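Reviewing the structure listed below.
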């Protein structure tokens, strides 16, 4: 465990608060890795996990995105935490590893706040010139976070807005377009993850990797 200082916070979207942390001592943070998360201590002593949205290798600042109203802990982080406050953190922990060693194409499927673990991954693959694409599903356009940096990737990113499309994202349709051997990363709410498990059983030619939105909420 170590302490961090809230450097600044801002609303990334109407429902998502972006929080930047800096080291609370002279020693820098451990370099962040793609898909890593940290734990933040709440005032009641409990710990909550949040995916790092910082650039890969970052050690001077950790950034997390917190969805408003997701839990009591999220309410404290989004509504009461201010710049200059000290918080206790643990990590980073690496539980959602990006496979970068085989050159295979990669498909990312994010639902809501599940976009957060993918931000550093996209940056890393883009820098390597790798073949990847992202499908980002949200209930409404107001619920979409990080649209500005995602737009820089152009046609690699597809935004699916449920209330504009008139239906939920079809994971099967997206997987139909994936070449054999594709790495498929999925992070989102329970129904999306349940559908991923059904599709995994039907598509042994694809390599699935998953994380519930708990580390991103």
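In our numbering, the protein residues as written are 84 to 300. By construction, the Cβ of each residue, glycine as well, lies at the ideal position given by its N, Cα and C atoms. It should be emphasised that the depicted structure is a prediction, and the values quoted were computed from it without experimental measurement.
Problem set entry | Proximity winner among 281, 139, 244, relative to residue 114 (alpha-carbon distances) | Residue 139 holds the alpha-carbon nearest to the alpha-carbon of residue 114 among 281, 139, 244.
For this session: Assign residue 91 to one of three DSSP states: helix, strand, or coil.
Result: strand
Problem set entry | Check whether residue 266 and residue 182 have beta carbons under 8 Å apart | yes
Exercise. For residue 300, is the classification buried or exposed, using 16 other Cβ atoms within 10 angstroms of its Cβ as the cut-off for buried?
Worked result: Model confidence at residue 300 stands at a pLDDT of 47, short of 50, so the residue's coordinates are unreliable; what they give is reported in the following sentence. Buried, by the Cβ-count rule.
For this session: Can you give me the Cβ contacts of residue 214 inside the same chain, cut-off strictly under 6 Å, excluding the 5 residues immediately before and after it?
Result: 188
Exercise. Under a Cβ-count criterion, where at least 16 other Cβ atoms within 10 Å of its own Cβ denotes burial, should residue 111 be classed as buried or exposed?
Worked result: exposed
For this session: My understanding is that residue 171 touches residue 86, with C-beta atoms under 8 Å, so please give their C-beta distance in whole angstroms.
Result: 6 Å
Exercise. Nearest-angstrom Cα distance between residue 298 and residue 158?
Worked result: Note that residue 298 scores a pLDDT of 48, beneath 50, so its modelled location is shaky; the value from the coordinates is reported in the next line. Using only the alpha carbons, I get a separation of about 16 Å.
For this session: Per DSSP, which residues does residue 270 bridge with? Please list them.
Result: Within the DSSP bridge table, the entry for residue 270 names 193, 294 as partners.
Problem set entry | Assigned secondary structure, residue 106 (DSSP; H/G/I helix, E/B strand, else coil) | strand
Exercise. Which residues in the same chain as residue 203 place their Cβ atom closer than 6 Å to its Cβ, once the five residues preceding and following it in sequence are excluded?
Worked result: 117, 139
Problem set entry | Beta-carbon contacts of residue 289 that lie in its chain and below 7 Å, excluding the five residues immediately before and after | 258, 261, 265, 267
For this session: Determine which residues share a DSSP beta bridge with residue 169 and list them.
Result: 88
For this session: Tell me whether residue 246 counts as near the ligand PLP, meaning its Cβ is closer than 7 Å to at least one heavy atom of that ligand.
Result: This structure lacks the ligand PLP; in fact it carries no ligand of any kind.
Exercise. For the alpha helix (DSSP H) that contains residue 142, what are its first and last residues?
Worked result: It is not in any alpha helix (DSSP H) - residue 142 carries neither H nor E in the DSSP assignment.
Problem set entry | Endpoints, the alpha helix (DSSP H) within which residue 217 is located | Run containing residue 217: none in the alpha helix (DSSP H); it sits in the beta strand (DSSP E), 215–221.
Exercise. Opposite residue 96 in the DSSP bridges: which residues?
Worked result: DSSP output for residue 96 lists 99 as bridge partner(s).
Exercise. Going by DSSP, what residues sit across from residue 242 in a beta bridge?
Worked result: 219
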